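Working notes, structure below.
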Amino acid sequence: MSEVKAIIKNADMSEGMQQRSIDCARDAMTQFNVAKEIAAYIKKEFDSTYGPIWHCVVGRQFGSYLTHEARHFIFFYMNQMAILIFKAG
Numbered sequence: 009m010s011e012v013k014a015i016i017k018n019a020d021m022s023e024g025m026q027q028r029s030i031d032c033a034r035d036a037m038t039q040f041n042v043a044k045e046i047a048a049y050i051k052k053e054f055d056s057t058y059g060p061i062w063h064c065v066v067g068r069q070f071g072s073y074l075t076h077e078a079r080h081f082i083f084f085y086m087n088q089m090a091i092l093i094f095k096a097g
């Protein structure tokens with residue numbers, strides 16, 4: 009089985025953090041099938057690794073307009089799911 013590729017649409021974070029985002033999303037998608045559970049897993053991992061307060065939105069279709077801390081934002085697709093991770097607050 010081939011590894012699922014991530015398609016990064018927009019990012020304002022270090023390359024290492026981008027890779028961690030992709031790895032974390034891949035882990036979440038192997039453990040969970042529900043978008044809310046995937047988002048919760050990613051959010052908790054980022055809070056634990058990089059300190060609070062992270063937010064995560066996962067779904068097949070959604071719009072967003074938000075403010076984030078500099079160098080703490082990524083939006084990408086994986087397995088036809090859109091994943092938005094950002095730090096604010």
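Quick note on this note's numbering: the sequence shown kicks off at 9 and runs consecutively. Heads up, the beta-carbon is just placed ideally off N, CA and C, and yes, glycines get one too. Note that this is a predicted model, so its numbers are computed, not measured.
- For residue 13, the secondary structure class from DSSP, reduced to helix, strand or coil, is coil.
- With a cutoff of 8 angstroms on beta-carbon distance, residue 26 and residue 16 are scored as near each other.
- Taking C-beta separations shorter than 8 angstroms and ignoring five residues to either side along the sequence, the partners of residue 21 in its chain run 29, 79, 80, 81, 82, following chain order.
- Residue 84: member of the beta strand (DSSP E) spanning 81-86, first to last residue.
- Approximately 5 angstroms separates the beta-carbon atoms of residue 50 and residue 32; this is inside 8 angstroms, confirming the contact.
- Around the beta carbon of residue 70, fewer than 16 other beta carbons sit within 10 angstroms, so the residue counts as exposed.
- According to DSSP, residue pairing for residue 20 in a beta bridge involves 81.
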